[in-house]
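S.K.:
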Amino acid sequence: MFKSIQQKLKDASILEENEPILSFIQVVDFNKQQQQFKKIAKEELASLVQNKFYYFLASIKTADNDSTPIIYLLKLNDKTNDFKLKVTYYLDDIKTITKIDNTIKQTLSNGNSLETNVYAFELLFRCDSDDSLNETTDQKLKFVWQCNKVEERNDFLDTLWKLSEQFLKASSRPKFINYKFEPKKTLVQTKDDEESNDNSIIKDINQQYEISKTDEDSLLKLMSECDFASSNAEKFIEKLQTELLQLDTSNIESIMNSEENTLKLIDMLDVAVQEIDKIDDRLKEYEDKISAVGDAVRIVGERDNVIQLQQNNQFALLELLESMIINLDFPAENLHVLKSLDLTKPESIRKVIKVANNLLDLLETELPSSLTKMKAYEEQKKTLEKYKISFCGHLCKNLRNAIGHATNKHLESEGKNDANRVTIPSHKKIHDDLLALKELVFWVHRSNCMFSEQNQTKTFYEDLKQNYIETIKQLYIKEVNEFCMSAKAGIAKLDRPRPNVSMENIKGSMIRSLEKSHIGDSFGSKTDQNHKDTLKAIFVKLLNYLTNAVTSEEKFCLEFFAIPPKQGKLDESIVSSNSGNSKLLSNLPRTNSNLSLVSTNTTSSKLLGDPKTDFSVLKEIFSVLIEDQVKQVMDSIIKTDYIMVLFLYSNMLAGVSTCHQNRQYMHQPMVGLLRFAKEKCDEFVRNFKEFISETKVNRKEKIGILKFVKYFEEFVKEAEICWEPIKNDYSEKLCNIYEGIVRDIFKAIEDIASVSQKTPQEVVLFQNYHQMTHIMRGINGLKDLTRKAREDYINWQKEYVKRLFGRPLEKIHIFFEKVQAKLDRGYVHQDISYQLELSANNLAQIISEYPAREVKRGLYDLYNKVEKHLEDNSSLLQVVWRDMSTEFITQYKNYETLIKLCYEGHNIKFDFTQEDIYKFFNEISIERSKEHKF
Amino acid sequence: MREYKIVVLGSGGVGKSAVTVQFVQGIFVEKYDPTIEDCYRKQIEINGVQCMLEILDTAGTEQFTAMRDLYMKNGQGFVLVYSITSQATFNDLHELRDQILRIKDASDVPMVLVGNKCDLEDERVVSKDQGQTLSKHFACTFMEASAKLRVNVQEIFFDLVRQINKKVSDKPKRVTKEKKPCTLL
Chain F
1 MFKSIQQKLK DASILEENEP ILSFIQVVDF NKQQQQFKKI AKEELASLVQ NKFYYFLASI
61 KTADNDSTPI IYLLKLNDKT NDFKLKVTYY LDDIKTITKI DNTIKQTLSN GNSLETNVYA
121 FELLFRCDSD DSLNETTDQK LKFVWQCNKV EERNDFLDTL WKLSEQFLKA SSRPKFINYK
181 FEPKKTLVQT KDDEESNDNS IIKDINQQYE ISKTDEDSLL KLMSECDFAS SNAEKFIEKL
241 QTELLQLDTS NIESIMNSEE NTLKLIDMLD VAVQEIDKID DRLKEYEDKI SAVGDAVRIV
301 GERDNVIQLQ QNNQFALLEL LESMIINLDF PAENLHVLKS LDLTKPESIR KVIKVANNLL
361 DLLETELPSS LTKMKAYEEQ KKTLEKYKIS FCGHLCKNLR NAIGHATNKH LESEGKNDAN
421 RVTIPSHKKI HDDLLALKEL VFWVHRSNCM FSEQNQTKTF YEDLKQNYIE TIKQLYIKEV
481 NEFCMSAKAG IAKLDRPRPN VSMENIKGSM IRSLEKSHIG DSFGSKTDQN HKDTLKAIFV
541 KLLNYLTNAV TSEEKFCLEF FAIPPKQGKL DESIVSSNSG NSKLLSNLPR TNSNLSLVST
601 NTTSSKLLGD PKTDFSVLKE IFSVLIEDQV KQVMDSIIKT DYIMVLFLYS NMLAGVSTCH
661 QNRQYMHQPM VGLLRFAKEK CDEFVRNFKE FISETKVNRK EKIGILKFVK YFEEFVKEAE
721 ICWEPIKNDY SEKLCNIYEG IVRDIFKAIE DIASVSQKTP QEVVLFQNYH QMTHIMRGIN
781 GLKDLTRKAR EDYINWQKEY VKRLFGRPLE KIHIFFEKVQ AKLDRGYVHQ DISYQLELSA
841 NNLAQIISEY PAREVKRGLY DLYNKVEKHL EDNSSLLQVV WRDMSTEFIT QYKNYETLIK
901 LCYEGHNIKF DFTQEDIYKF FNEISIERSK EHKF
Chain Z
1 MREYKIVVLG SGGVGKSAVT VQFVQGIFVE KYDPTIEDCY RKQIEINGVQ CMLEILDTAG
61 TEQFTAMRDL YMKNGQGFVL VYSITSQATF NDLHELRDQI LRIKDASDVP MVLVGNKCDL
121 EDERVVSKDQ GQTLSKHFAC TFMEASAKLR VNVQEIFFDL VRQINKKVSD KPKRVTKEKK
181 PCTLL
């Protein structure tokens with residue numbers, strides 16, 4: 001059957017000449033059949049069997065000693081019964097071959113079920129591009145073929161298996177699924193010759209090939225032998241048959257001979273396969289084990305990581321807990337230190353501070369919020385908090401005691417001499433004692449502990465502060481009061497010589513004060529000046545002591561209550577202020593002008609940055625104590641000697657400047673005192689001005705230098721002394737005071753002069769203006785007023801000389817006036833003597849009326865007059881006298897000139913010469929002043 | 001006669017005394033002499049009513065400044081003076097005003113904001129707008145003045161007196177409205 005087909009195929013030139021057919025199978029495309037089943041499910045299945053048959057043909061192509069197994073898919077043309085090649089597959093194109101044995105149960109439309117056994121196989125082709133097949137290509141490359149007979153199918157698969165085993169490399173072999181090769185033990189003889197080809201196909205093929213060749217040769221030989229007897233076909237056929245039989249026999253024999261080997265080989269192969277299976281199993285076992293080991297290792301690794309992590313976590317936790325414990329641990333010994341609280345020795349204080357700070361540190365440490373939720377934490381916190389509060393209470397009690405103790409100790413040591421206190425006792429011991437505890441105070445502040453008292457919550461710190469303030473305030477009140485009392489007592493001692501007690505109104509005391517120093521001029525200027533100096537010294541001392549006390553208190557408070565941490569700067573300023581205060585009167589830091597003072601102050605305050613130090617404690621301690629006390633002292637000083645207001649004012653100005661520069665608390669009471677002093681000074685000036693404007697004179701009495709001018713002189717004298725230390729900064733203030741007074745004085749002088757009767761108006765004016773010029777000449781700020789006074793003085797003096805001197809040679813004067821009038825009218829000098837009334841004789845007669853003696857006597861009278869007008873012992877007398885002599889000489893010279901011009905040759909002469917006049921004046925002046933001396 | 005206590009405040013050298021003296025005495029004080037504290041009295045007539053002004057000219061320089069509390073407490077109306085030639089004097093007023101309000105414990109205190117030295121236009125540093133803005137912030141009257149040229153000098157004090165009058169007449173209503181909480185001392 002194969003052969004006929006082979007022939008047919010060769011004819012159709014599907015197969016090549018030497019291509020054998022190894023297996024042939026009829027198949028149906030299973031997929032298509034299935035589709036058709038579905039399509040025409042209603043129709044009878046019988047009609048369905050009309051199927052196109054395909055045939056598979058396994059073959060092997062040999063070319064150049066290379067054999068390639070090939071599968072052909074053929075289609076049988078029903079009509080012509082010819083084969084047509086559909087597809088050629090190479091065996092190594094196939095990826096898998098699956099054997100399929102199935103029973104398909106089909107339910108037909110009539111209800112009957114039909115069971116059909118399906119014998120099929122599936123070919124899955126390799127994809128050219130990629131080995132890994134995806135679903136779509138898989139479908140395209142997958143073919144299921146169904147065959148009618150199971151044997152045929154198995155044969156075909158066997159063939160394919162053998163081919164693949166034999167000709168293909170292991171890698172390109174198709175994989176057989178659901179199929180196991182089972183060699184047929186049945187003998188070949190029973191089977192058709194070539195069809196029952198045994199396991200070794202190559203042998204088989206070669207044999208077949210050889211046979212066909214020999215066959216051909218023998219056929220040719222036979223043909224040639226029987227060329228002529230071809231007609232005897234039957235014989236030929238018979239011979240052919242016998243030879244064929246022979247051949248078959250030998251063939252079978254050779255086959256029989258090789259069978260044993262084959263079987264052996266097969267056995268060996270079986271053994272090998274078994275071995276391989278065994279090895280495979282073992283390998284699998286190993287693989288399992290290895291994978292198990294791998295898993296184990298991996299698990300171990302993971303576990304190791306976990307362990308590491310756990311360990312790390314544990315360490316971290318441990319660390320955290322340790323730090324937490326460290327942060328929260330408060331050993332019992334510490335507690336003991338706090339409880340015993342020994343503040344007597346420095347080292348134990350240090351220890352307490354350390355422990356107490358530790359406690360606060362513990363309480364203040366920020367722990368992660370997660371930890372703070374722990375109960376242990378909360379409890380510990382609570383405990384520590386309890387410690388803190390109880391310690392704080394305990395400590396504050398102790399600190400209060402310490403404050404009280406230090407104060408008492410101070411009182412004991414100072415108490416003895418408080419009857420007549422000459423200093424404010426230094427609180428250095430108190431401060432030193434308490435400063436040893438300052439860190440504890442800071443601790444109290446830091447702890448911020450509160451307690452309730454009468455429905456009010458207070459911090460211990462505030463309470464402590466309040467306690468200190470109360471205690472020390474009392475002490476200061478006592479000490480400052482005593483000190484100021486003693487100062488007042490000292491002042492009162494100086495106040496004894498009180499001439500007129502009834503004059504004790506303000507104005508009276510002003511007059512008294514000015515009068516005292518003025519009178520002092522003549523008899524005890526020293527005592528008055530001494531009194532003033534003593535008063536000043538008392539006040540300066542008072543202020544110095546107070547400033548020092550306040551400054552050291554300030555320093556202490558800032559340190560003890562740790563207000564702002566600006567101590568370096570503060571100490572410096574305190575040191576400088578201490579040294580500055582002692583030289584307060586004589587030496588003050590100065591700037592050039594008021595304006596620059598302002599600017600430096602503002603810039604310096606900006607540079608220092610912190611202009612507002614917290615003085616609240618000091619404010620509470622001193623409150624109004626210093627102001628009140630010093631004001632009292634000031635009052636008593638003023639009562640003693642009113643003009644001391646100038647000193648107080650100037651001294652407070654200086655004090656305020658210093659305190660301001662040093663940024664001390666003392667600045668505040670100082671400003672208050674300055675205001676007070678200024679007020680008093682203004683009051684004084686106001687009174688003075690009133691006194692000036694109210695001054696009345698008896699117009700029938702001689703008016704000399706007015707009283708207020710004298711007072712003003714005293715005022716200026718004192719003011720200049722007082723302002724000397726501060727003249728660079730505050731001369732303006734004094735000038736303003738002066739100016740107001742001077743203007744009032746000028747006005748008063750004019751007023752008084754205008755009503756004066758006994759004393760000529762000019763004398764009142766020029767004498768007082770002269771005195772004012774004298775007083776003001778050294779004062780820079782009063783230049784304009786001084787100039788005015790001077791001008792007025794000169795003018796009024798001239799006026800006076802002119803008026804009083806008049807014309808001592810009256811008749812001569814009248815005569816020459818007439819001469820002058822003629823001359824003015826245009827008469828020539830020579831013609832004058834020809835005038836009847838102006839004749840030389842007339843002139844000579846008039847001149848003879850004024851002999852030298854007479855003139856001198858006239859001058860003598862004049863001198864007396866002047867002397868009466870002027871103040872006693874006035875230096876102006878000589879000035880006026882000299883002016884008068886000048887005036888006389890001028891007149892005399894004028895007459896002489898006219899005589900020379902108009903009466904030349906008439907020999908007219910005065911009885912006295914110019915020298916005589918000088919002599920007269922000098923003689924009178926010397927004579928009179930001599931008289932005064934005795 | 002009603003008395004009005006007026007306090008003039010401001011930094012040093014802005015011309016508080018100059019304004020005050022110009023108002024009271026009609027003189028321009030040219031010399032600079034830092035004030036310690038001066039008190040002036042002047043009688044004026046407003047709307048036909050005689051008023052006695054007691055004007056407290058305060059210290060502007062830090063040196064003479066201490067415890068402003070007392071006169072702030074006593075003052076009824078305040079003149080806040082700055083110099084248009086100095087920004088710093090302008091800035092300083094915030095603090096002063098805060099202090100006044102704190103001590104007076106009230107939000108509306110009769111007040112006039114004065115930019116003095118407006119004759120020194122060449123040296124101007126603080127613009128009029130700035131002054132205006134500040135006065136809005138302070139909720140008070142604003143005027144630029146010149147003590148030298150007597151510009152707006154009288155207006156300052158007249159305005160303040162009117163403000164005080166207005167406040168006094170408003171007061172009865174407010175007392176019933178606002179109940180102040182007790183202060184614990």
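Read top to bottom, the protein sequences are chains F and Z. When you number the first sequence by the UniProt record's numbering, it's gap-free, plus one each residue, and the end is 934. When you number the second sequence by the UniProt record's numbering, it's gap-free, plus one each residue, and the end is 185. Using N, Cα and C, we set each Cβ at its ideal position, and we do this for glycine too. Computed from a predicted model, the values in this text were never measured in an experiment.
Is the separation between the beta-carbon of F560 (chain F) and that of L411 (chain F) shorter than 8 Å?
M.R.: No. Outside cutoff.
S.K.: Which runs of the beta strand (DSSP E) at least 3 residues long sit entirely within the segment 13–89 of chain Z? Give them in chain order.
M.R.: If we require 3 residues or more, the beta strand (DSSP E) runs fully inside the segment 13–89 of chain Z come out as 37–46, 49–58 and 77–83.
S.K.: How about H427 (chain F): is its C-beta nearer than 8 Å to some C-beta of chain Z?
M.R.: Answer no: the Cβ-Cβ gap between H427 (chain F) and chain Z never drops below 8 Å.
S.K.: Bridge partners of T98 (chain F), per DSSP?
M.R.: Looking at the DSSP assignment, T98 (chain F) forms a beta bridge with F:E122 and F:I177.
S.K.: Evaluate contact between the segment 726–740 of chain F and the segment 696–705 of chain F, counting only Cβ atoms and requiring at least three cross-stretch pairs below 8 Å.
M.R.: Taking 8 Å as the limit for Cβ pairs, the verdict is that the segment 696–705 of chain F does not touch the segment 726–740 of chain F.
S.K.: Can you tell me whether E151 (chain F) is buried or exposed, with buried defined as 16 or more other CB within 10 angstroms of its CB?
M.R.: E151 (chain F) comes out exposed.
S.K.: List, in chain order, every chain Z residue whose beta-carbon is nearer than 8 Å to that of S657 (chain F).
M.R.: Correct list: Q63.
S.K.: In its own chain, which residues sit with a C-beta less than 7 Å from the C-beta of N327 (chain F), not counting the 5 before and 5 after it?
M.R.: For N327 (chain F), where only same-chain residues beyond five positions count, the Cβ hits under 7 Å are L362, T365 and L367.
S.K.: Cutting at 7 Å between CB atoms, please list the residues of its own chain near S754 (chain F), excluding the five before and the five after it.
M.R.: Counting only Cβ-Cβ distances below 7 Å, and skipping sequence neighbours, we find Q761.
S.K.: Report yes or no: is there a C-beta of chain Z within less than 8 Å of the C-beta of L674 (chain F)?
M.R.: So, interface residue.
S.K.: What are the residues of the segment 65–76 of chain Z that lie near chain F, defined by any Cβ-Cβ distance shorter than 9 Å?
M.R.: Against chain F - using a Cβ distance shorter than 9 Å - the residues of the segment 65–76 of chain Z are T65, A66 and M67.
S.K.: Sort F:L395, F:E439, F:R153 and F:K99 by Cα distance to I177 (chain F) and report the nearest one.
M.R.: Per the Cα distances, F:K99.
S.K.: Taking Cβ-Cβ distances shorter than 9 Å, what residues in chain B pair up with E155 (chain Z)?
M.R.: Note that chain B does not occur in the displayed structure, where the protein chains are F and Z.
S.K.: Going by the beta-carbon positions, is the gap between A18 (chain Z) and A147 (chain Z) smaller than 8 Å?
M.R.: Taking 8 Å as the Cβ cut-off, A18 (chain Z) and A147 (chain Z) qualify as a contacting pair.
S.K.: With DSSP run on the structure shown, which of helix, strand or coil describes F142 (chain Z)?
M.R.: Strand at F142 (chain Z).
S.K.: In the DSSP output, what is R2 (chain Z) paired with across the bridge?
M.R.: For R2 (chain Z), which the question treats as bridged, DSSP gives the partners Z:C51.
S.K.: Along chain Z, which residues have their Cβ under 7 Å away from the Cβ of E732 (chain F)?
M.R.: In chain order: K31 and D33.
S.K.: DSSP beta-bridge partners for residue 936 (chain F)?
M.R.: Here chain F has residues from 1 to 934 only, and residue 936 (chain F) is not among them.
S.K.: What are the residues that DSSP puts in a beta bridge with L76 (chain F)?
M.R.: DSSP output for L76 (chain F) lists F:F83 as bridge partner(s).
S.K.: What beta strand (DSSP E) runs, 3 residues minimum, are completely inside the segment 330–367 of chain F?
M.R.: Correct list: empty.
S.K.: Is F910 (chain F) near the ligand ADP, judged by its Cβ being under 7 Å from some heavy atom?
M.R.: As far as ligands go, the structure on display features none, and thus does not contain the ligand ADP.
S.K.: Can you list, in chain order, the residues of its chain with a C-beta nearer than 8 Å to that of G77 (chain Z)? Leave out the 5 residues immediately preceding and following it.
M.R.: Result list for G77 (chain Z): Y4, K5, I6, V7, V109, P110, M111, V112, L160, V161, Q163 and I164, in chain order.
S.K.: Would P69 (chain F) and L85 (chain F) be called neighbours here (beta carbons separated by less than 8 Å)?
M.R.: No, they are not a contact pair.
S.K.: Classify K488 (chain F) as buried or exposed, calling it buried when 16 or more other Cβ atoms lie within 10 Å of its own Cβ.
M.R.: Buried: at least 16 other Cβ atoms inside 10 Å.
S.K.: Between V879 (chain F) and chain Z, is any beta-carbon pair separated by less than 8 Å?
M.R.: It does not: the Cβ of V879 (chain F) has no partner Cβ on chain Z nearer than 8 Å.
S.K.: Ordered along the chain, which non-local residues of its own chain (more than five positions away) have a Cβ less than 6 Å from that of residue 935 (chain F)?
M.R.: Residue 935 (chain F) is absent from the structure shown; chain F starts at 1 and stops at 934.
S.K.: Checking contacts by CB at 8 Å: is I84 (chain Z) closer than that to chain F?
M.R.: Not closer than 8 Å to any Cβ of chain F, the Cβ of I84 (chain Z) fails to qualify, so no.
S.K.: Closest Cβ-Cβ distance between I164 (chain Z) and chain F: below 8 Å?
M.R.: It does not; no Cβ of chain F falls within 8 Å.
S.K.: How would you call N448 (chain F), buried or exposed, if buried means at least 16 neighbouring beta carbons within 10 angstroms?
M.R.: That one is exposed.
S.K.: In this structure, how does DSSP classify P20 (chain F) when only helix, strand and coil are distinguished?
M.R.: P20 (chain F): coil per DSSP, three-state reduction.
S.K.: For T640 (chain F), which of F:M510, F:Q757 and F:I745 has the nearest alpha-carbon?
M.R.: Comparing Cα-Cα distances from T640 (chain F) to each of F:M510, F:Q757 and F:I745, the minimum goes to F:M510.
S.K.: Counting C-beta neighbours from all protein chains within 10 Å, is the total for Y286 (chain F) 16 or more, i.e. buried, or is it exposed?
M.R.: Exposed, since its Cβ has fewer than 16 Cβ neighbours within 10 Å.
S.K.: Could you name the residues of the same chain whose beta carbon sits closer than 7 Å to that of Q50 (chain Z), not counting the 5 residues immediately before and after it, in chain order?
M.R.: Taken in chain order, the residues that qualify are M1 and Q43.
S.K.: Nearest-angstrom Cα distance between T786 (chain F) and F746 (chain F)?
M.R.: About 11 Å.
S.K.: Please report the straight-line C-alpha distance between E553 (chain F) and I103 (chain Z), rounded to a whole angstrom.
M.R.: Between E553 (chain F) and I103 (chain Z), the C-alpha separation is close to 28 Å.
S.K.: May I ask you to list, following chain order, the residues of the segment 43–55 of chain Z that have a beta carbon less than 8 Å from some beta carbon of chain F?
M.R.: Cβ contacts with chain F come from no residue of the segment 43–55 of chain Z.
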